[in-house]
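Worksheet: the structure to be examined is printed underneath.
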Amino acid sequence: KTLEDVLKEKGVITEEDYKAVTRSKSLDYKLGEGFVFTSPDEKFRTAIGSSFQIRYAFMDLDNANNTTANKAQDSSRFELRRIKLFFNGYAFTRDLAFKLVLNFANSQNPPTTTGLLEETWMNYRLLDEAQLRFGQDKVQFGRQFITSSTALQFVDLSVVTIAFVPGYDTGLMIHGKIAGGLVNYNVAGYGGLGQNTFRTTSDNAFAARLTVNPFGDVKYSESDVEYSRKPLVSLGADFFRDTVNGSETNNLNFFGSKGWYGIGNPLLSAARRISTGEAIDFNTAGIDAVFKWLGCSAQGEYFIGQADGQTTKNTLRAQGFYTQAGYFVIPKKLEFAARYAYLDPNRDVADDHWIETTGAISWYINDHNLKLVADYTNIHKQKGISFNNGPNATDDRQVRFQAQMVF
Amino acid sequence: KTLEDVLKEKGVITEEDYKAVTRSKSLDYKLGEGFVFTSPDEKFRTAIGSSFQIRYAFMDLDNANNTTANKAQDSSRFELRRIKLFFNGYAFTRDLAFKLVLNFANSQNPPTTTGLLEETWMNYRLLDEAQLRFGQDKVQFGRQFITSSTALQFVDLSVVTIAFVPGYDTGLMIHGKIAGGLVNYNVAGYGGLGQNTFRTTSDNAFAARLTVNPFGDVKYSESDVEYSRKPLVSLGADFFRDTVNGSETNNLNFFGSKGWYGIGNPLLSAARRISTGEAIDFNTAGIDAVFKWLGCSAQGEYFIGQADGQTTKNTLRAQGFYTQAGYFVIPKKLEFAARYAYLDPNRDVADDHWIETTGAISWYINDHNLKLVADYTNIHKQKGISFNNGPNATDDRQVRFQAQMVF
Amino acid sequence: KTLEDVLKEKGVITEEDYKAVTRSKSLDYKLGEGFVFTSPDEKFRTAIGSSFQIRYAFMDLDNANNTTANKAQDSSRFELRRIKLFFNGYAFTRDLAFKLVLNFANSQNPPTTTGLLEETWMNYRLLDEAQLRFGQDKVQFGRQFITSSTALQFVDLSVVTIAFVPGYDTGLMIHGKIAGGLVNYNVAGYGGLGQNTFRTTSDNAFAARLTVNPFGDVKYSESDVEYSRKPLVSLGADFFRDTVNGSETNNLNFFGSKGWYGIGNPLLSAARRISTGEAIDFNTAGIDAVFKWLGCSAQGEYFIGQADGQTTKNTLRAQGFYTQAGYFVIPKKLEFAARYAYLDPNRDVADDHWIETTGAISWYINDHNLKLVADYTNIHKQKGISFNNGPNATDDRQVRFQAQMVF
């Protein structure tokens with residue numbers, strides 16, 4: 001019982017007073033955001049929250065070559081997958097919002113290069129339809145990637161999302177919500193080298209994304225844990241282009257060892273390969289759709305990418321898609337879900353497909369804020385990209401269990 | 001004077017109301033924990049605190065070989081030893097506790113591999129007697145190590161504790177407090193590679209610890225700064241086993257340059273040595289005891305460790321102990337303490353003993369929360385492990401001064 | 001409207017009560033410091049704030065040698081320049097202050113060696129005139145460097161300041177404010193290796209600084225955004241000496257690639273150069289002056305430095321100065337400013353001058369707490385230090401835009 005409650009009961013303050021003084025509490029708590037502090041003049045607000053993703057994963061690698069030297073090493077792994085502190089709110093005016101997300105799980109041994117900062121921006125709202133964001137953000141490419149990692153349907157992102165998205169980057173974005181969210185758009189220029197990595201050349205990146213939500217705004221959150229009474233549909237399309245010097249330090253997802261470029265380019269013969277030193281033009285595009293109704297949800301996304309070496313004139317082309325669906329057998333609590341993900345990192349060579357089939361069971365104790373997720377994945381790699389690169393395709397099996405808390 | 005005080009004085013609210021509204025303040029401060037925030041529905045609580053250990057240390061190295069090339073380099077060192085932010089509380093229910101500790105002093109030049117995260121877990125209490133903890137924690141091995149580094153009797157841990165404990169690790173622990181703390185137990189599985197380091201193989205570690213407190217629960221805190229009116233006794237025993245691939249990246253204390261394995265294994269002849277590439281089984285055990293009464297305190301701990309190379313079948317055996325005692329000449333304020341620590345990193349070779357004798361004087365301004373500690377240590381290393389490895393034993397002398405603040 | 005307001009209006013509490021209960025709010029907000037939490041007994045206070053400096057910079061390098069191999073690479077760079085969380089307040093008593101500043105922009109790709117911690121100290125005030133500070137702080141050398149990076153007149157520090165200051169270091173400082181700030185002094189011993197870098201030798205550093213403020217205390221803040229009604233003048237002088245082993249890991253500004261020693265020493269012929277392995281004595285000194293009145297401000301600083309190799313007896317001498325002035329064409333809102341900076345990293349060789357001429361325009365939306373700054377710089381480097389070291393001098397042109405928010 002608060003002091004305000006007591007005073008209202010005693011009639012010291014009126015119902016109206018009560019509403020006025022409790023309307024904007026200087027200290028409050030909001031699910032999914034954490035403790036919320038508001039300045040007396042209401043010009044400043046900061047929410048401080050935290051999220052933990054703690055995981056156990058067992059990976060049973062397929063020993064296609066099981067001589068001692070070539071034996072694949074299974075792994076039994078406890079992991080602090082994502083440990084974040086996040087600060088969000090507004091400052092000076094409600095129209096000037098900020099966000100600061102720190103992921104301390106990026107401080108690991110051996111060291112990673114991603115840095116601790118994730119979203120780190122200020123956003124000025126002129127109108128809902130016209131807003132300006134300056135700083136580091138998720139590059140708005142790939143619906144699943146844009147979705148918070150705490151609002152996924154499975155233990156983690158699909159292999160295809162990881163392979164195609166650029167990741168985080170620093171830049172300037174114009175974005176807006178039209179007709180109350182029926183249409184959302186954003187157009188942005190970025191440095192072009194990824195998370196916490198800043199340009200030393202004059203090449204930059206460009207990204208644009210458009211979503212249409214015919215039945216009203218659909219937020220970026222997987223699973224229909226809300227048990228939507230009316231059907232929700234969202235359609236999206238995005239485009240990203242960038243020029244990267246092959247030898248430039250970068251943190252671009254698609255460029256690295258799990259990216260379509262990182263996997264696909266080495267598969268080309270030496271003569272047709274894009275070389276390490278040259279400048280490379282990247283063009284990628286994607287389309288996506290989501291549907292939610294009465295605890296049912298379905299989502300799919302298709303990506304296409306092309307890399308062109310400026311010096312060698314060599315080209316790499318890739319594509320991939322995933323599709324996933326879930327159903328709550330106990331509404332808002334217990335969900336079963338399945339996903340099929342297909343990645344072709346190099347469309348011009350054979351035997352390089354990567355196919356993941358995943359089944360998940362999730363117990364949502366408090367929406368996405370407190371949940372336990374377990375999933376099983378069969379990872380099929382054709383022989384060109386399998387363990388030790390052949391001679392056979394491999395089927396690795398992965399079991400993951402994750403406890404997630406957003407508080 | 002708070003508003004609640006004024007309203008009670010004026011009789012606007014009753015004594016009962018006063019108690020009700022102040023019982024759980026939304027914003028409070030708790031010594032040793034920091035500012036405490038509670039959500040209006042009392043389902044969420046977070047305390048945000050901080051600790052500083054700022055140190056000056058002078059090390060006078062014994063120049064057993066003082067040619068220019070072999071001259072030991074004394075050091076005069078100002079140091080940010082431990083600079084932490086800690087978040088602890090509960091979320092969704094009082095039974096779901098969490099802890100998050102960030103040590104920013106780990107971000108140094110030259111870079112360390114430990115990472116910033118220390119304790120990072122969620123803990124579910126089914127009963128006091130049966131609790132489940134998932135995440136990164138201190139491996140519950142070594143009473144002194146389990147004790148907070150802000151609740152030590154000397155400036156830092158004993159050399160023996162550092163040499164034998166695994167350190168932090170990520171895993172799953174079952175633990176409980178039986179009969180109000182007369183017996184405490186924990187049993188855990190860990191990744192097995194130490195702080196912020198996650199497995200890429202399927203080897204894991206196991207740890208168990210049991211403490212018996214015949215006169216009631218004894219918290220992990222050195223010195224009798226509380227001036228216990230009745231005697232307190234605690235007895236403990238712990239066991240840890242792990243398999244580490246010699247070439248695997250790890251952050252295990254006992255494996256590194258200050259660990260019994262790191263010091264002891266190179267002392268063996270090449271033929272008897274455990275090799276870098278092989279898998280190694282580690283078994284370590286310890287027993288410990290503590291006594292506190294009227295400002296007096298005494299504590300001791302004995303460790304034994306064995307490493308077995310799976311390929312070479314070579315074995316390394318080590319042991320060590322420390323014993324320390326303190327007395328408050330001014331109760332709760334001024335304490336004198338002494339410690340003797342003995343490490344034999346390799347029981348099968350001669351001349352490798354490391355013996356530290358330390359005397360400390362501490363001024364507790366506000367318990368362990370605000371204190372100044374100075375200590376002097378004689379570091380005797382037999383010639384096998386002395387500076388430049390012989391030909392003589394060395395006696396280094398170290399003076400340390402530390403200001404500590406927990407707030 | 002707060003509960004206190006309502007109760008005062010209704011006459012439930014008196015004007016006096018109102019003042020008493022609102023005097024020290026447990027939760028408050030303070031511009032430039034963030035949310036302020038005070039414990040019920042008022043013995044503990046912590047303010048948690050944040051600052052963002054988000055920047056876009058275009059660098060047009062002068063292609064004095066524009067063959068393909070020697071072509072200077074222009075850069076178009078979005079950057080998270082400084083992203084900080086800061087905690088400051090007092091603990092246990094108002095006389096024991098602390099500060100903790102974390103700069104997460106230091107966690108970048110490629111990794112930097114500076115570490116995350118900036119100011120990290122406790123400060124005990126015996127008297128205003130005699131205070132003791134222990135921990136890491138800005139070495140009190142160089143007025144512009146001592147000034148918060150959020151209170152500068154341009155987008156960033158002058159090239160001369162960066163070249164001459166040591167940076168942050170850990171140590172013990174005695175300081176005080178005499179006659180209400182007419183004179184301020186500080187004398188300190190530091191480790192001597194810079195930010196988050198701790199000594200492994202017994203060499204240490206010494207620094208002293210004195211300021212005289214004839215018309216009253218002048219805080220460290222550039223621009224006369226306050227529109228001072230009466231003229232403000234401050235004069236300062238500082239001295240720093242240090243011994244660094246050339247091969248010792250350090251984070252000293254003057255030693256690195258942008259420091260006078262780092263630039264100047266390689267310009268000497270091999271025989272006269274200070275060698276990498278030897279111990280080097282550094283002595284630097286500076287004088288500075290600032291004037292502010294009715295929106296006008298002017299500031300200047302002159303530095304001199306000398307390095308002496310202990311083994312080779314070789315010597316390097318450097319000097320530099322900057323002078324800058326600004327005027328608010330719209331008081332407190334819109335300012336124009338200009339700066340001239342001159343660096344001679346080696347007084348004993350010719351053709352090594354570095355001259356930067358900068359013009360800035362700043363829009364102070366809320367003092368230094370929310371402002372937009374744009375500046376243009378001509379960077380003239382004589383041929384000895386120009387791109388590819390000659391054969392010609394180069395004039396690089398740099399445009400920077402920065403949004404800054406302190407909240």
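Protein chains in written order, with the working numbering: chain A, 1 to 407; chain B, 1 to 407; chain P, 1 to 407.
Even for Gly, the Cβ is constructed at its ideal location relative to N, Cα and C.
| query | result |
| --- | --- |
| As assigned by DSSP and simplified to three states, the class of lysine 258 of chain A | coil |
| Partners in chain B for phenylalanine 98 of chain P, counting only beta-carbon separations shorter than 9 Å | Ser50, Phe52, Met405 and Phe407 |
| Ordered list of alpha helix (DSSP H) runs contained in the segment 192-272 of chain B, each at least 4 residues | 260-264 |
| Proline 166 of chain B, buried or exposed, once every other Cβ within 10 Å from all chains shown has been counted against 16 | buried |
| Host beta strand (DSSP E) of threonine 22 of chain B (start-end) | No beta strand (DSSP E) holds threonine 22 of chain B; the alpha helix (DSSP H) holding it covers 15-23. |
| Option nearest tyrosine 168 of chain B by Cα separation, candidates B:Ile162, B:Gly194 and B:Ala279 | B:Gly194 |
| Contact check, serine 415 of chain B vs threonine 38 of chain B, beta carbons under 7 Å | This structure gives no information on residue 415 of chain B, because the portion of chain B shown stretches from 1 to 407. |
| Interface positions of the segment 135-153 of chain P facing chain E (Cβ-Cβ less than 9 Å), listed along the chain | The structure shown contains no chain E; the protein chains it does contain are A, B and P. |
| Interface partners of arginine 209 of chain B on chain A, CB under 7 Å | Ordered by position in chain A, no residue passes the 7 Å Cβ test against arginine 209 of chain B, which lies about 18 Å from the chain. |
| Neighbourhood of leucine 304 of chain B by C-beta, 6 Å cutoff - its chain only, sequence neighbours within 5 removed | With the sequence shown as reference, residue 304 of chain B is identified as isoleucine, and leucine is not the correct amino acid for it. Within the same chain, isoleucine 304 of chain B has close Cβ partners Ala285 and Gln319. |
| For phenylalanine 164 of chain B, the first and last residue of its enclosing alpha helix (DSSP H) | 159-164 |
| Partners in chain A for proline 110 of chain P, counting only beta-carbon separations shorter than 9 Å | Thr113, Thr197 and Thr249 |
| Rounded Cβ spacing between valine 6 of chain B and isoleucine 13 of chain P (contact assumed at less than 8 Å) | 6 Å |
| Any chain A beta carbon closer than 7 Å to tyrosine 124 of chain P | no |
| Sufficient close CB pairs (3 or more, under 8 Å) joining the segment 147-156 of chain P to the segment 83-90 of chain B | no |
| Neighbouring residues, chain P, relative to isoleucine 13 of chain A (Cβ below 9 Å) | Leu3, Val6, Leu7, Lys10 and Val12 |
| For valine 12 of chain P, the three-state DSSP class (helix, strand or coil) | coil |
| Proline 345 of chain B burial status per 10 Å Cβ neighbour count (16 or more: buried) | buried |
| Sufficient close CB pairs (3 or more, under 8 Å) joining the segment 238-245 of chain P to the segment 273-289 of chain P | yes |
| Residues from the segment 28-43 of chain P in contact with chain A, defined by Cβ distance under 8 Å | Asp28, Tyr29, Gly34 and Phe35 |
| Members of the segment 64-83 of chain A near chain B, C-beta cut-off 7 Å | Gln73, Asp74, Ser75, Ser76, Arg77, Phe78, Glu79, Leu80 and Ile83 |
| Chain P contact residues for leucine 370 of chain B, given Cβ-Cβ distances below 9 Å | Ala91, Phe92 and Leu96 |
| Contact check, glutamine 53 of chain B vs arginine 82 of chain B, beta carbons under 7 Å | yes |
| Nearest-angstrom Cα separation, counted from arginine 209 of chain P out to valine 225 of chain P | 26 Å |
| Rounded straight-line distance, which links the Cα of alanine 338 of chain A to that of phenylalanine 44 of chain B | 33 Å |
| Nearest to lysine 230 of chain B (by Cα), restricted to the options B:Gly295, B:Ala207, B:Ala188 and B:Gly176 | B:Gly295 |
| Partner residues on chain A for aspartate 17 of chain B, Cβ-Cβ distance less than 7 Å | Val6 |
| Buried or exposed (CB count within 10 angstroms, at least 16 for buried), glutamate 9 of chain B | exposed |
| Identified DSSP bridge partners for valine 36 of chain B | B:Asp28 and B:Ala47 |
| Within chain A, the residues that glycine 171 of chain B reaches when beta carbons sit closer than 7 Å | Phe78 |
| The segment 373-388 of chain A touching the segment 355-363 of chain A, judged by at least three CB pairs closer than 8 Å | yes |
| Neighbouring residues, chain B, relative to serine 275 of chain A (Cβ below 9 Å) | Going along chain B, no residue has its Cβ under 9 Å from serine 275 of chain A, so there is no contact; the nearest lies around 31 Å. |
| Tyrosine 220 of chain P and isoleucine 280 of chain P closer than 7 Å at C-beta | no |
| Sufficient close CB pairs (3 or more, under 8 Å) joining the segment 174-186 of chain B to the segment 117-132 of chain B | yes |
| DSSP beta-bridge partners of lysine 84 of chain A | A:Ser51 and A:Asn103 |
| Secondary structure of isoleucine 146 of chain A, DSSP reduced to three states | helix |
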